[in-house]
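Take a look at the structure set out below.
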């Protein structure tokens, strides 16, 4: 890229901020806009990236506004509306703004890359893979969709890295901008039907992504019925890559991996992760690391030292009387796997789930699945839908879930009244779920749980 500077409209998103950090460290002038200040934008500012929170064109820094389209890249996220004042200002000046995914494709096009796609598990698998490769002599570059506890960032960056790890997002067909060396597909459960229209078109999107991969393609055994003709990985023998001798315990999972049709065995791994879905993510990451040349010893030691990811089965409090877990799950399949993991590692305990639905369209399209999986809790507290980029849809609200759920004690709440709901009954295991702003409750719920014991 010949440009000297980049301006990010929506810089506070996980994917956007990772690229902003990368270019900033590469010596570009990087600045941006976001709607509100968050922990992530605060961190970017501390790193030297100027951010404004006013969408007017007057808020654009003068040194950015004075550059022409040969020297400046305008990057935006699909969550930004077409009416955005700054976006339209740059268009009026002759700029052609590009989406985050297109820029990521340009950055990785001439690099050996490992891409992780799938409806669920992308961020977990990408983060585990980056942590493994960071333990090799050359390290890696990696763009994550979440914050890894290993480096407290969504970016890994090493000058002599041979491999770049990317999260291949299916939203808005973003992953069609990538041309990976090797890739992994975790799952293909239909989602984002506001974009794709039908489940068939959603699957077709993954088939197109698959055609862009030049090397090996790994597909989880659960997704292989939708995506054919690839190496599979899973928890059963019969897959090209599989886990065996699996034992769940209060600290995670002890297991062994067989990789590349039993050519490599990594035994007696103590994984500090919870749930079969995360075990499968670790297996996929280990396999891609093997393809990238990581040694057996590095793979095992880095798997065992993986400290987790922000909001991916993140345990904030755990003793014999009370447990508090927070997770990003916002699709029925993700909720299913997360609740399964809770039941597996904390058997016989009473489970209170606090759920914030994400998007009106997803709530409408996946209503049956949400009701089915959320009913597996013992007590359910439902928060209003987090709309993100969407306008309200008539008749679609949290009441719709409440009216169609059975088999559990369900109640409606708001963020402001959540603690009144929690105080009404004694709690045992509490699980917060959702991809909106429910994470803002985490510190207060953690304090509440600790005071209850």
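Residue numbers (my numbering): 3 to 455. From the three backbone atoms N, C-alpha and C, an ideal C-beta is built for every residue, glycine too.
In whole angstroms, what is the alpha-carbon distance linking residue i and residue j?
i: residue 372; j: residue 60; result: 44 Å
i: residue 287; j: residue 128; result: 7 Å
i: residue 391; j: residue 357; result: 19 Å
i: residue 222; j: residue 188; result: 5 Å
i: residue 348; j: residue 97; result: 54 Å
i: residue 175; j: residue 321; result: 43 Å
i: residue 89; j: residue 204; result: 29 Å
i: residue 317; j: residue 148; result: 16 Å
i: residue 415; j: residue 384; result: 6 Å
i: residue 437; j: residue 332; result: 6 Å
i: residue 54; j: residue 20; result: 18 Å
i: residue 284; j: residue 337; result: 19 Å
i: residue 233; j: residue 279; result: 18 Å
i: residue 341; j: residue 411; result: 16 Å
i: residue 400; j: residue 426; result: 20 Å
i: residue 52; j: residue 74; result: 15 Å
i: residue 228; j: residue 370; result: 21 Å
i: residue 105; j: residue 17; result: 11 Å
i: residue 160; j: residue 298; result: 22 Å
i: residue 265; j: residue 423; result: 54 Å
i: residue 429; j: residue 251; result: 22 Å
i: residue 448; j: residue 46; result: 26 Å
i: residue 244; j: residue 387; result: 38 Å
i: residue 291; j: residue 249; result: 23 Å
i: residue 379; j: residue 343; result: 12 Å
i: residue 418; j: residue 350; result: 30 Å
i: residue 329; j: residue 72; result: 42 Å
i: residue 432; j: residue 311; result: 19 Å
i: residue 275; j: residue 326; result: 15 Å
i: residue 375; j: residue 339; result: 9 Å
i: residue 34; j: residue 169; result: 22 Å
i: residue 184; j: residue 201; result: 25 Å
I'd like the span of the beta strand (DSSP E) that includes residue i, first residue to last.
i: residue 373; result: No beta strand (DSSP E) holds residue 373; the alpha helix (DSSP H) holding it covers 369-376.
i: residue 381; result: 381-384
i: residue 33; result: 31-35
i: residue 121; result: Looking at the DSSP string, residue 121 is not in any beta strand (DSSP E), and its letter there is neither H nor E.
i: residue 236; result: 233-236
i: residue 74; result: 74-78
i: residue 221; result: 219-222
Consult DSSP for residue i and reduce its assignment to one of helix, strand or coil.
i: residue 214; result: coil
i: residue 88; result: helix
i: residue 57; result: coil
i: residue 312; result: coil
i: residue 492; result: Past the edges of the chain, shown from 3 to 455, lies residue 492, and the structure says nothing about it.
i: residue 409; result: coil
i: residue 255; result: strand
i: residue 354; result: strand
i: residue 443; result: helix
i: residue 327; result: strand
i: residue 11; result: strand
i: residue 229; result: coil
i: residue 451; result: helix
i: residue 363; result: helix
i: residue 415; result: coil
i: residue 246; result: strand
i: residue 115; result: strand
i: residue 322; result: coil
Going by DSSP, what residue range makes up the alpha helix (DSSP H) through residue i?
i: residue 404; result: 400-406
i: residue 166; result: No alpha helix (DSSP H) holds residue 166; the beta strand (DSSP E) holding it covers 165-170.
i: residue 126; result: 124-135
i: residue 341; result: 334-347
i: residue 24; result: 16-27
i: residue 65; result: 64-67
i: residue 106; result: 102-110
i: residue 421; result: 420-425
i: residue 47; result: 41-48
Within the region 267-306, ranges of the alpha helix (DSSP H) (whole runs, at least 4 residues): Counting whole runs of 4 or more residues, the region 267-306 contains the alpha helix (DSSP H) stretches 278-293, 298-306.
Is there contact between the region 12-22 and the region 74-93, where contact requires at least three CB pairs shorter than 8 Å? Three or more Cβ pairs drawn from the region 12-22 and the region 74-93 lie within less than 8 Å of each other, which places the two stretches in contact.
Go through the region 142-205 residue by residue and report every complete run of the alpha helix (DSSP H) that reaches 4 residues or more, in order. Runs of the alpha helix (DSSP H) inside the region 142-205: 195-198.
Are three or more beta carbon pairs between the region 142-159 and the region 194-210 nearer than 8 Å? When C-beta atoms of the region 142-159 are compared with those of the region 194-210, fewer than three pairs fall below 8 Å, so the two segments do not count as touching.
The region 164-179 in contact with the region 32-45 per 3-pair CB rule at 8 Å: No contact exists between the region 164-179 and the region 32-45.
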